[in-house]
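Asks:
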Amino acid sequence: MSLTSRLKKNIFIRAQRLVPQHQLSRVVGKIAASENPLVRAAVIQTFKTRYGVDMSIAEQVNALKYKSFNEFFTRALREGVRMVDADPKSIVSPADGAISQLGTIHDGDIFQAKGQSFSVEKLIGDPQLAEPFKHGQFATVYLSPRDYHRVHMPITGTLTETLYIPGELFSVNQITAENIPGLFARNERMVCLFDTELGRMAVVMVGAMIVAGIETVVTGKVKPSGRLELNQHNVVLEKGAELGRFYLGSTAVILFEQDKMAWDAEFKANSVVTMGQKLGQAL
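Position one of the sequence shown corresponds to residue 1339 (our numbering), numbered consecutively onward.
Written out as structure tokens, the structure is:
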């Protein structure tokens, strides 16, 4: 890495530590929710051009038909552009994006990036709820700004608990993953826990810098309270069904118990994936 690149990286990391993360996210959230025609059009057009958003796969292809940037950002896909793998033993990607990391959880530690890891207990936020995953399997899927931003079910399961965990709002890209210790267990997140045919499963929706909200189909849009919020549920969601969505981009972490499933060998860090694509299978 060149001196210039190292300098830019260090400035980027330090800036995230210094900026008022939550205040910035609230300001951006108000802009993103605005239905003012001039604000909406300017923000959507700038974002679409900057990130090269592919509108051809969207249900509504005209970006300016959306009532707000939030509606544009959480846009539905056109029917048929994403097929959920039909194999009853398959485990599918919960989102469009790229694999950040995947593999085995060793003694409760999840690999993050070059020399960085975080504990499953801190990620889940409760020792008892985290226990089934301490020697299990994980996959971390990063949703870039240009991606489809709804999160879907990897397999069929019964949602039993949701746990909102307040936290920081660092960016979740590769640079921060390599330089912010315990990144995914530090950021604000919504933990969704399930009973499935493979035992316990968790899908953790992790917030990030200027993410203006996390929403699930059961809880609605999360209203940050600054405190842990545990809720009980009994809702069956089929494989491929929508679980939630991000208002601006972030990451989903999937967890399974030990010896219940295996990831397909073709997948590794930086592998591009699409929602519904087979990532692994039940053992």
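Where a beta carbon is used, it is the ideal one built from N, C-alpha and C, also for glycine.
Keep in mind that this is a model prediction, so the values were computed, not measured.
1. Distance, Cα to Cα, F1508 vs D1423?
2. Of the choices Q1475, V1556, N1525 and Q1398, whose alpha-carbon is the least far from that of L1617?
3. Work out the CA separation of L1376 and V1419 for me, nearest whole Å.
4. Going by the DSSP bridge assignment, what does Y1480 pair with across the sheet?
5. In chain order, what residues of the same chain have a beta carbon less than 6 Å from the beta carbon of D1485, not counting five sequence neighbours either side?
6. Could you pull the DSSP bridge partners for H1490 from this structure?
7. Out of curiosity, what's the CA-to-CA distance linking Q1454 and A1523?
8. When DSSP builds the beta bridges, which residues end up paired with A1451?
9. Which residue comes first and which comes last in the alpha helix (DSSP H) that contains Y1388?
10. Taking the DSSP output, what are the residues bridged to E1499?
11. Would you call the CB atoms of K1561 and E1553 closer than 7 Å?
12. Could you give the C-beta distance for G1537 and P1492, rounded to a whole number, given that I count them as a contact under 8 Å?
13. Output needed for D1602: all residues of its chain with C-beta closer than 8 Å, excluding positions within five of it in sequence on either side, in chain order.
14. Excluding the five sequence neighbours on either side, which residues of its own chain have a C-beta within less than 7 Å of the C-beta of L1621, listed in chain order?
15. Could you say if the segment 1445-1452 and the segment 1568-1580 meet the contact criterion of at least three C-beta pairs nearer than 8 Å?
16. Check E1409 in the structure and name its three-state DSSP category.
17. Would you kindly work out how many angstroms separate the C-alpha atoms of G1495 and V1556, rounded to a whole number?
18. Kindly list the residues whose CB is nearer than 7 Å to the CB of N1608, restricted to its own chain and excluding five residues on each side of it in sequence; keep chain order.
19. Quick one, are the C-beta atoms of R1565 and V1544 less than 7 Å apart?
20. DSSP three-state label for R1538, please.
21. Rounded to a whole number of angstroms, what is the C-alpha to C-alpha distance between E1505 and S1563?
22. If we ignore side chains and look at the alpha-carbon of each, how far apart do E1604 and R1583 end up?
23. On the DSSP bridge assignment, give the partners of T1551 in chain order.
24. Beta carbon of L1501, beta carbon of A1477: below 7 Å?
25. State the start and end residues of the unbroken alpha helix (DSSP H) segment that holds Q1466.
26. Starting from the Cα of F1410, find the closest Cα among S1431, A1380 and F1532 and give me that residue.
27. Work out the CA separation of A1540 and T1442 for me, nearest whole Å.
28. Look at the alpha carbon of M1421 and the alpha carbon of V1611, and state the distance between them as a whole number of angstroms.
29. Quick check on the DSSP output: the alpha helix (DSSP H) that includes A1620 runs from which residue to which?
Replies: On the basis of the supplied data:
1. 33 Å
2. Q1475
3. 31 Å
4. A1436 and T1589
5. D1434 and G1435
6. E1580
7. 12 Å
8. Q1454
9. Per the sequence presented here, residue 1388 reads as Arg, with Tyr not at that position. Note, R1388: alpha helix (DSSP H), P1375 to Y1389.
10. L1531 and Q1570
11. no
12. No, G1537 and P1492 are not in contact; Cβ-Cβ is about 13 Å, not under 8 Å.
13. K1616, L1617, G1618 and Q1619
14. D1597, K1598, M1599 and A1600
15. no
16. helix
17. 14 Å
18. A1436 and I1437
19. no
20. strand
21. According to the sequence displayed, residue 1505 carries Gly and not Glu. Roughly 11 Å between the two C-alpha positions.
22. 27 Å
23. The question names Thr, but residue 1551 is Gly in the sequence shown. Y1585, per the DSSP bridge assignment.
24. no
25. P1465 to A1468
26. A1380
27. 15 Å
28. 12 Å
29. First-last for A1620: K1616 to A1620, but that is the beta strand (DSSP E), not the alpha helix (DSSP H).
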